[in-house]
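What follows is a set of notes on a single structure, which appears directly below.
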Amino acid sequence: MTVHLQPRPRGRPRGFDAANALEQALRVFWTRGYDQASVDLLCSAMEMPRATMYSLFGDKDGLFLAVVSHYAQTRLSFVAETLSSGNDLLQDLHAFFKGVVQLSTAGRDPAGCLISCVLADVAATNAEFRDERNRRFDALEQRLEARLLRDGWPTSGSCPANVAASLAAAMARGIVQRGRTGQSADDLYPVAISAAEALYRMRDTLPEK
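Reading the sequence shown from the start, the letters are residues 4 to 212 in the numbering used here.
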C-alpha cells in the first residue's frame, strides 16, 4: 500500500511506502522492546524525519499501536486462519499450535511475538497499551471459543468453551515465551502437539450438555 501525502511546509516526503515504514519500525520495537526503541532510532529505520513521524502517528505511542495493528495483519492472521480450515477440531488445534511455533521461531523475524512479549511487557505501566493488549488477547480467545463451540463444546460445567479457550491461549503464550528465550522449532513442535492433544482430550472428559 502506498500512501501519498499532502504537501507540508517541511520534513514531509511526497509519498512513501507505509507498509515498509511500519515493517521497519516493527523490527526495531520487536528487537529492542518499547522502552529501548528511541524515536531517533525508529525514524532512522523508517527513513522518516521526526516531523513526519509525529504528523502521521502523533507520537511514539501512536506509532507503536500502528505497528501492533500491522503485526496482527501480517503475522497473526495466518495463525487465526488455522481455526477456520474446515478440518476436524484436533486437526485445527494441531495446526493452530504449530502455527504458534512457526510465529515464535521464524528465522526472518525476531523470536517470540510482538503482542505477547513486547506489548504485554509495556502494558504493565501504560493504560492505553493495557487496553490494546486485552483487546488482542480477547480477540484470540473469542476466535478459539468460537471454534470449540462449533465442535459442540459445552458452554457450562467444569470447563466451558470460554474457559477452554482461555487455557488454549495461555498454552500458546507459553510456547511464545519459550520461543522468545531461544528454543528452536524442533524443541517446541512436540510441546505444540501435546498441547493440542491435551486440550482435545479434555472434551471427552466433560459431562454431556
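Every residue, glycine too, gets a C-beta built ideally from N, C-alpha and C.
Since Leu-147 is in the alpha helix (DSSP H), which residue starts that stretch and which ends it? 130-153
Euclidean distance between Cα positions of Asp-62 and Ala-114: 26 Å
Between the CA atoms of Asp-20 and Pro-12 - distance to the nearest angstrom: Caution applies to Pro-12, whose pLDDT of 40 falls short of 50 and renders its modelled position unreliable; the model cannot decide the point.
Endpoints, alpha helix (DSSP H) assigned at Glu-26: 21-35
Among Leu-92, Ala-201, Asp-190 and Arg-204, nearest to Thr-108 - alpha-carbon criterion: Asp-190
For Ala-173, does the three-state DSSP call read helix, strand or coil? helix
What does the alpha-carbon distance come out to for the pair Ala-201 and Leu-86? 17 Å
Delimiting residues of the alpha helix (DSSP H) encompassing Glu-2: Any property of residue 2 remains undetermined from this structure, which presents the chain solely from 4 to 212.
Tell me the rounded alpha-carbon separation between Asn-137 and Ile-178. 19 Å
Among residues of its own chain, excluding the 5 on either side of Met-205, which ones have a beta-carbon nearer than 7 Å to its beta-carbon? Cys-162 and Ala-167
Could you give the distance in angstroms between the alpha-carbon of Glu-144 and the alpha-carbon of Ala-75? 15 Å
Taking only three categories from DSSP, how would you classify Glu-200? helix
Quick one: Cα of Arg-111 to Cα of Arg-153, how far? 34 Å
Using the C-alpha atoms, what's the distance from Asp-141 back to Ala-195? 21 Å
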